[in-house]
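Okay, so the sequence shown: first residue is 1 according to full-length UniProt numbering, each after it adds one.
C-beta: ideal position from N, C-alpha, C; glycine also.
Working notes, structure below.
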Amino acid sequence: MFLKQEKFTHCSHSVELRELSALQRIEYMEYAAANQIHDDSEIEPMKYIAALNRMDIKLNSMLVAMATVSPEKMEDPTEMQVLQHSIMREWPSDALGKAGKSVMALSGMLPPEPAPGESPDEPSGERDAGKF
C-alpha cells in the first residue's frame, strides 16, 4: 500500500494512523458536509457550543476510525459506526483533536506549516492554483 503512516501517542498509549485513501477522503468530506451545523441566530449560545463540540468530536472520531480501520471493515457502514462510537467512548477529546489533525496532515488536507521566520498571514504564491 502507498499510504503514509505515523505513530500517534497520547498518555503512553500508541496507535498507528494511516493517511486516508482517495476514496476515504471523499467519504470523509461527504460525512463532514452532512454533519455541519447551520448557523441559526435564534439558537441559544450554550446549545450552539454543545453542537459545535459534538460536531468536532464526531468528525475527529471518524478521521481516527478511517485512519485505523482495516480495509475489509471499511466496506461495512455498520462496522465503521461501531468503531467510531468505540473511539468516542474511549478517547479523550483533546487526543481526538490531535489525532484528527495528524490524519488530516498525513492526508494532505491541511495547508503546509509556515517556515521558520515566515508569518502564517503572509500570502504565498504557491497557494493560488490560478497563477502560472
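query: What residues in its chain sit with their C-beta under 6 Å from that of residue 133, if we drop five residues either side in the sequence?; result: Given that the chain is displayed from residue 1 to residue 132, the structure contains no residue 133 and the question cannot be resolved.
query: Tell me the rounded alpha-carbon separation between residue 80 and residue 115.; result: 37 Å
query: Bridge partners for residue 9 per DSSP, in chain order?; result: 14
query: For the alpha helix (DSSP H) that contains residue 77, what are its first and last residues?; result: 77-90
query: Between residue 23 and residue 67, which are expected to be in contact by the criterion C-beta below 8 Å, what is the C-beta distance as a whole number of angstroms?; result: Contact flag wrong, Cβ pair sits at about 13 Å.
query: Taking its Cβ as the centre, do 16 or more other Cβ atoms sit within 10 Å of residue 50, making it buried, or is it exposed?; result: exposed
query: Could you have a look at residue 40 and say whether DSSP puts it in helix, strand or coil?; result: coil
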